[in-house]
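Novice:
In the working numbering, the protein residues as written are 1 to 884.
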């Protein structure tokens, strides 16, 4: 990416020629094989794959642990014709030599791809060998290198999705050119080397060892991987397939291998039975790696996981559940994504949606985390609902004109709305029909590339019904529909019950077919009791539900009971009042979660005053007994405080509210000494809402051991969380805590936490320094640090500091967007666009949106989303009935 261009080795200039290690003048110009850009268009990709087939790579790498590595790639392929040049993708390397079919050749290299003239190629089988050197990446892509700050050891791992394999070796970097990979690696003697297959031999080579691996099955480039370093290794051969777990040596004591192996074996049993197809690869390796950009990556047979999320010590039950769900998500990809792969990046959503759906299903049905669907409703699905109500939302299936756009739409729509749509389709078709359709699809397209039409067509054939209408409604139209129950009561009975759906604000709304459950409840003996539950397949604007006519007049109707559907629920007036006043009388945790969400939707829609919601939370959160739902409720409390912070209220109400939130959180810590997981949830809230001098002093006392936190034993993560919060509020001595804790905790996670704590300090000089580092696209800092600073530098309550240079920062957005790459902008555009929760800020963002029409697609969408959220914040403030 451009923001690391300064760290990449100098290479031959564009249009130069490489021949036997020397640079020569370019030959006469001919029609270019493709556009001279860093990215590959869909048209150029399909033109290349139409000519090339049967690709095999022989890869030889020399790794030393130093900043550069060397490689030789031999690619063999069938070529349909020699009418034009062939290009091999290779990002910013020093090319030493190129030979074609055994002869050294002149080949143009422009830092992005090598062009091989047709005169050197033959119709039929061709072999191209490229020797090169390259800097390791530090941006989390390609072959990433990290020096462990704890002990100085060097670790490397690869990450290739979507198109970063070219940051490691020359290849045809597109998903529809599957290939086999035969690998040899020379690496330091104390290193382990991991790839898709297991090694066939390891030979001593002086201070090094040479690893030889068996040829892989046919994979898309982004599914292949290579990882190397002095990793700690744990093995478990008790299951059907050999399993290994890898982590840095300095992290080893924090890892609980038994948890990983137990859940992995459970998932393997579940998926082999569900899919009816054996696991496609010979072994199952999982690596916990640092500086990772995402949560995890489904590399065939060698899955990587973000150390910051899954390498933590003393995991809570919630963290263990998240880890399990991600293990299952990546395992599902081994079949759906690796065995059968999309043809182009417009199909990436189906990979991720399916893995999201299957990951939750496998967790709920094969592990102890039976409430995973409830957690999905509370987390991913809510993110999808929020995004799907923005002006910039997009359909699930969208065109991807270039590889530069591959991740433009990798978001909550892709993962969670797509997963919810597949869950709904399963209800619509029936569970067994859906499962059989998936099996048929995987069998038919094994080791091939497939399209959405292939998947839907297989399901339709299995179900014996036309799914073209469903596909159009759900996958090609954006937005979330609102459903509502409409009825009247007469003589204590329901009459004329209908279910309505709408798509507000649209002249031609997309009204979807969907199967849900409509449930009616009565308050009976102090509890909310179900009196009738009716499955309904509805379509169009209005659907009569005759089975509810004549039922007892309810205190609450919920038209998406047990969360079958993807729809925003609008409660009728009586049901909304019941939700607000009778939460403690609802026994079902999922229904209770849905009613909490209806209240929070009311806040975000400026229909329920924020102060009313906070009152409901203060009255009900302490009584919440469900661990999973408690996390959601306390999260909404934190969001409520964030809105108050952004509003910068200077009133007695604000002070009283902050104090009440602190008291509720601390009372929660004291009340749950017997349950460490629940207590940690309440303590996390306390750290988040502590603002008074008394509360900050208590945190400082707990940190230095002078005060007891009701028996709570602080983890390293909690220590950094306290330090960050004390710095954020400039508590006396807080800055020195960063220095002291950094000396105490030399881990990579500790360095990242120190960045977060430092950047959050309410000091104009600190802000200016970090904004400068963030916007320096040649910064030597690893991108993991830069991204952390982006998310920490302007907390909600520091609006005045943000405003000091907000206009200038916003004005720089187009230039930064143009100069930086997609990975950088996905972080920058979602954190650094200035907000203030004022009409003036709304006007500033509106002017920017009118003026900045040429931003990249993702940055443009982020700007519009930020504007809409700013409008929402102003509306929420206006709707408050408490003194402002």
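Here a beta-carbon is modelled for each residue, glycine too, at the ideal position from N, C-alpha and C. It should be emphasised that the depicted structure is a prediction, and the values quoted were computed from it without experimental measurement.
Please report the straight-line C-alpha distance between residue 25 and residue 404, rounded to a whole angstrom.
Specialist: For the purposes of this step, residue 25 is taken as residue 25 along the chain shown, with counting starting at 1. For the purposes of this step, residue 404 is taken as residue 404 along the chain shown, with counting starting at 1. Caution is warranted here: a pLDDT of 36 is assigned to residue 25, below 50, making its placement in the model unreliable, and no coordinate value can be reported.
Novice: Can the beta-carbon of residue 481 be found closer than 8 Å to that of residue 397?
Specialist: In the chain shown, the residue the question calls residue 481 occupies position 481. In the chain shown, the residue the question calls residue 397 occupies position 397. Result no, Cβ atoms of residue 481 and residue 397 do not sit closer than 8 Å.
Novice: In the DSSP assignment, what are the bridge partners of residue 137?
Specialist: In the chain shown, residue 137 corresponds to position 137, counting from 1. Paired residues: 144.
Novice: According to DSSP, what are the bridge partners of residue 126?
Specialist: On the chain shown, residue 126 is found 126 positions in, with the first residue counted as 1. DSSP output for residue 126 lists 77 as bridge partner(s).
Novice: How big is the Cα-Cα spacing for residue 73 and residue 858?
Specialist: For the purposes of this step, residue 73 is taken as residue 73 along the chain shown, with counting starting at 1. For the purposes of this step, residue 858 is taken as residue 858 along the chain shown, with counting starting at 1. Their Cα atoms are separated by approximately 34 Å.
Novice: Count the other CB atoms, across all protein chains shown, that sit within 10 Å of the CB of residue 528; report buried if there are 16 or more and exposed otherwise.
Specialist: The residue labelled residue 528 in the question sits at position 528 within the chain shown. Buried: at least 16 other Cβ atoms inside 10 Å.
Novice: Is residue 358 helix, strand or coil by DSSP?
Specialist: Position 358 of the chain shown holds residue 358. Looking at residue 358 - three-state DSSP - the assignment turns out to be helix.
Novice: Is it buried or exposed for residue 450, if we count other Cβ within 10 angstroms and need 16 for buried?
Specialist: In the chain shown, residue 450 corresponds to position 450, counting from 1. Counting Cβ neighbours within 10 Å, residue 450 comes out buried, since at least 16 surround it.
Novice: What does a CB cutoff of less than 8 Å around residue 707 pick up in its chain, not counting 5 residues either side in sequence?
Specialist: In the chain shown, the residue the question calls residue 707 occupies position 707. So the qualifying residues of the chain are 698 and 701.
Novice: Roughly how many angstroms lie between the CA atoms of residue 548 and residue 869, to the nearest whole one?
Specialist: In the chain shown, the residue the question calls residue 548 occupies position 548. In the chain shown, the residue the question calls residue 869 occupies position 869. Distance between the alpha carbons of residue 548 and residue 869: 39 Å.
Novice: The alpha helix (DSSP H) spanning residue 229 covers which residue range?
Specialist: If you number the chain shown from 1, residue 229 lands on position 229. Not the alpha helix (DSSP H): residue 229 falls in the beta strand (DSSP E), residues 226 to 229.
Novice: Please list the segments of the alpha helix (DSSP H) lying wholly inside the region 705 to 773, counting only runs of 4 or more residues, in order along the chain.
Specialist: Runs found: 716 to 728, 734 to 744 and 748 to 759.
Novice: Can you list, in chain order, the residues of its chain whose CB lies under 8 Å from that of residue 28, leaving out five sequence neighbours each side?
Specialist: Within the chain shown, the letter at position 28 stands for residue 28. Residue placement at residue 28 is flagged as unreliable, the pLDDT there being 44, under the threshold of 50; the coordinate-derived value follows with that caveat. Once the five neighbours on either side are set aside, residue 28 has no close Cβ partner at all.
Novice: Relative to the C-alpha of residue 218, which candidate in 809, 232 and 180 has its C-alpha closest?
Specialist: By one-based count along the chain shown, residue 218 stands at place 218. Of 809, 232 and 180, the residue nearest in Cα terms is 180.
Novice: Give the C-beta separation of residue 792 and residue 760 to the nearest angstrom, bearing in mind that I take them to be a contact with Cβ-Cβ under 8 Å.
Specialist: One-based indexing of the chain shown puts residue 792 at position 792. One-based indexing of the chain shown puts residue 760 at position 760. With a Cβ gap of about 5 Å, residue 792 and residue 760 count as contacting.
Novice: Sort out for me which residues DSSP pairs residue 95 with in a bridge.
Specialist: Reading the chain shown from its first residue, position 95 is the one you call residue 95. DSSP output for residue 95 lists 132 as bridge partner(s).
Novice: What does residue 180 pair with, by DSSP beta-bridge criteria?
Specialist: Numbered from 1 along the chain shown, position 180 holds the residue referred to as residue 180. Note: residue 180 sits in a beta bridge opposite 56.
Novice: Between 231, 395, 238 and 645, which has its C-alpha nearest residue 286's C-alpha?
Specialist: Here the question's residue 286 lines up with position 286 in the chain shown. The candidate whose alpha carbon is nearest that of residue 286 is 231.
Novice: Please name the residue in 575, 511, 587 and 518 whose C-alpha comes closest to that of residue 525.
Specialist: As a working mapping, residue 525 is identified with position 525 in the chain shown. Answer by Cα proximity: 587.
Novice: According to DSSP, simplified to helix, strand and coil, what is residue 329?
Specialist: Counting from 1 along the chain shown, the entry for residue 329 is found at position 329. In this structure, residue 329 counts as helix in the three-state DSSP scheme.
Novice: Determine the burial state of residue 656: buried for a count of at least 16 other Cβ atoms within 10 Å of its Cβ, exposed for fewer.
Specialist: By 1-based counting over the chain shown, the position of residue 656 is 656. Its Cβ having fewer than 16 others within 10 Å, residue 656 is exposed.
Novice: State yes or no: is the C-beta of residue 417 within less than 8 Å of the C-beta of residue 384?
Specialist: As a working note, residue 417 is residue 417 in the chain shown. As a working note, residue 384 is residue 384 in the chain shown. Yes, they are a contact pair.
Novice: When the Cα atoms are used, what is the spatial distance from residue 75 to residue 224?
Specialist: Start at 1 with the first residue of the chain shown, and residue 75 comes out as number 75. Start at 1 with the first residue of the chain shown, and residue 224 comes out as number 224. Each residue's Cα considered, the two are about 15 Å apart.
Novice: Where does residue 106 fall in DSSP's three states?
Specialist: Walking along the chain shown from the start, residue 106 turns up at place 106. The answer is coil: DSSP assigns residue 106 none of H, G, I, E or B.
Novice: Using the C-alpha atoms, what's the distance from residue 628 back to residue 363?
Specialist: Taking the chain shown and counting its residues from 1, the one referred to as residue 363 is at position 363. Taking the chain shown and counting its residues from 1, the one referred to as residue 628 is at position 628. Their backbone Cα atoms lie some 15 Å apart in a straight line.
Novice: Select from 727, 560, 652 and 213 the residue whose C-alpha is nearest the C-alpha of residue 766.
Specialist: Locating residue 766 in the chain shown gives position 766, where the first residue counts as 1. That would be 727, whose Cα lies nearest to the Cα of residue 766.
Novice: Counting C-beta neighbours from all protein chains within 10 Å, is the total for residue 776 16 or more, i.e. buried, or is it exposed?
Specialist: Translated into the one-based positions of the chain shown, residue 776 becomes position 776. Flag for residue 776 reads exposed.
Novice: Smallest Cα separation from residue 333: which of 368, 388, 310 and 268?
Specialist: Taking the first residue of the chain shown as position 1, residue 333 is located at position 333. The candidate whose alpha carbon is nearest that of residue 333 is 268.
Novice: Beta-carbon within less than 6 Å of residue 293's beta-carbon, same chain only, minus the 5 sequence neighbours each way: which residues are those?
Specialist: Stepping through the chain shown from its first residue, residue 293 is reached at position 293. Closer than 6 Å at the Cβ level, and outside the excluded window around residue 293, lie 140.
Novice: If you draw a straight line from the alpha carbon of residue 367 to that of residue 319, how long is it in whole angstroms?
Specialist: As a position in the chain shown, residue 367 is number 367, starting the count at 1. As a position in the chain shown, residue 319 is number 319, starting the count at 1. Between residue 367 and residue 319, the C-alpha separation is close to 14 Å.
Novice: Less than 8 Å between the CB atoms is what I'm expecting for residue 556 and residue 578, so what's the real figure, rounded?
Specialist: The sequence position of residue 556 within the chain shown is 556, counting from 1. The sequence position of residue 578 within the chain shown is 578, counting from 1. Rounded, the Cβ-Cβ distance is 4 Å, consistent with contact.
Novice: Leaving aside the five residues before and after residue 459 along the sequence, list all residues of the same chain whose C-beta is less than 6 Å from its C-beta, in chain order.
Specialist: As a first step, residue 459 must be located in the chain shown, where it is residue number 459. Here the set comprises 437.
Novice: What's the gap between the Cα of residue 22 and the Cα of residue 93?
Specialist: Taking the first residue of the chain shown as 1, we reach residue 22 at position 22. Taking the first residue of the chain shown as 1, we reach residue 93 at position 93. Note that residue 22 has pLDDT 35, beneath the 50 cutoff, so the model's placement of it is unreliable and the number below is only indicative. The straight-line gap from Cα to Cα measures roughly 15 Å.
Novice: Where does residue 469 land, buried or exposed, given buried means 16+ other C-beta within 10 angstroms?
Specialist: Within the chain shown, residue 469 is the residue found at index 469, counting from 1. Burial call: exposed.
Novice: Could you tell me which residues DSSP pairs with residue 205 in its beta bridges?
Specialist: Position 205 of the chain shown, counted from the first residue, corresponds to residue 205. Looking at the DSSP assignment, residue 205 forms a beta bridge with 208.
Novice: Determine the extent of the alpha helix (DSSP H) in which residue 439 is found, giving its start and end residues.
Specialist: Locating residue 439 in the chain shown gives position 439, where the first residue counts as 1. From DSSP, the alpha helix (DSSP H) with residue 439 extends over 431 to 444.
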